[in-house]
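S.K.: First the structure, then my questions, so here it is.
In my numbering, the protein residues as written are 8 to 185.
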């Protein structure tokens with residue numbers, strides 16, 4: 008059993024190493040993203056008669072269906088003002104702070120990545136997160152289109168990211184309901 012675990016770790020390391028090598032000099036740095044983006048939790052909003060309530064929840068963890076998005080949104084601004092690049096590791100979530108860091112694990116193959124959430128979505132019913140095309144490739148479900156995943160907010164990384172935007176002591180809150 009330990010051999011399979013180690014093989015899985017090696018595979019994940021290979022994926023991460025390959026992603027870094029393939030991204031080359033065209034990769035956007037965190038500094039570049041911050042120049043164009045901003046930190047925000049957001050106000051409640053309604054899409055297709057469903058209300059969503061963005062909030063800071065450091066204990067967030069959910070299992071469900073992930074999908075991916077790509078060329079239709081490539082080069083457009085995300086909900087926090089960054090430029091979406093389908094070839095970078097990023098995600099859209101309905102309620103988490105923007106940006107924040109989550110761990111996404113594909114429960115079908117065990118692959119796992121830390122992913123930057125910088126957009127709102129998905130708005131297809133039954134989905135819990137939309138990932139960039141590159142993220143779907145690395146997690147092994149680009150061809151299938153969807154996968155069952157575990158999504159967990161990484162509190163230390165998300166706090167550090169918020170601090171890099173000048174947010175001090177981001178506090179978990181329950182937004183007012185309209």
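Virtual Cβ for every residue (Gly too), placed ideally from N, Cα, C.
The structure presented is a predicted model; accordingly, all values stated were derived computationally and were not measured.
Roughly how many whole angstroms lie between the Cα atoms of residue 86 and residue 44?
M.R.: Cα-Cα distance, rounded: 9 Å.
S.K.: Check for me: the alpha helix (DSSP H) holding residue 105 runs from which residue to which?
M.R.: Note, residue 105: premise wrong, no alpha helix (DSSP H); not H, not E.
S.K.: Check each candidate in 107, 118, 127, 67 and name the one with the smallest Cα separation from residue 80.
M.R.: Comparing Cα-Cα distances from residue 80 to each of 107, 118, 127, 67, the minimum goes to 127.
S.K.: By how many angstroms is the C-alpha of residue 54 removed from the C-alpha of residue 130?
M.R.: Straight-line Cα distance between these residues: approximately 8 Å.
S.K.: Return the CA-CA distance between residue 103 and residue 162, expressed in angstroms with no decimal places.
M.R.: The alpha-carbon atoms of residue 103 and residue 162 are separated by roughly 12 Å.
S.K.: To the nearest angstrom, how far is the alpha carbon of residue 115 from that of residue 172?
M.R.: Answer to the nearest angstrom: the Cα atoms are 35 Å apart.
S.K.: Throw me the rounded Cβ distance for the residue 93 and residue 139 pair, which I believe falls under 8 Å.
M.R.: Contact holds; Cβ gap of about 5 Å.
S.K.: Quick one: what does DSSP say residue 175 is sitting in, helix, strand or coil?
M.R.: Reduced to three states, the DSSP call for residue 175 is coil.
S.K.: Hey, which unbroken runs of the beta strand (DSSP E) at 3 residues or more fall wholly within the segment 72–105?
M.R.: List check, beta strand (DSSP E) in window: 97–99.
S.K.: Quick check: residue 159 and residue 125, are their CB atoms within less than 8 Å of each other?
M.R.: No; because the gap between Cβ atoms is not below 8 Å, this pair is not in contact.
S.K.: Could you tell me whether the Cβ atoms of residue 112 and residue 150 are closer together than 8 Å?
M.R.: Their beta carbons are not under 8 Å apart, which means residue 112 does not touch residue 150 by this criterion.
S.K.: Using the rule of at least 16 other Cβ atoms within 10 Å of the residue's Cβ for burial, across every protein chain shown, is residue 68 buried or exposed?
M.R.: Result: exposed.
S.K.: Whose C-beta lies closer than 6 Å to the C-beta of residue 220 among residues of the same chain, with five residues either side of it excluded?
M.R.: No statement about residue 220 is possible, as the shown extent of the chain runs from 8 to 185 and does not include it.
S.K.: Leaving out five residues before and five after residue 134 in sequence, what residues of the same chain have Cβ atoms less than 8 Å from its Cβ?
M.R.: These residues qualify, in order along the chain: 71, 72, 73, 74, 153.
S.K.: Nearest to residue 170 by CA position, among 77, 89, 105, is which residue?
M.R.: Of 77, 89, 105, the residue nearest in Cα terms is 105.
S.K.: Considering just the uninterrupted stretch of the alpha helix (DSSP H) at residue 146, what are its terminal residues?
M.R.: Element bounds for residue 146: 140–146.
S.K.: Can you grab the Cα-Cα spacing for the pair residue 57 / residue 100, in whole Å?
M.R.: Distance between the alpha carbons of residue 57 and residue 100: 15 Å.
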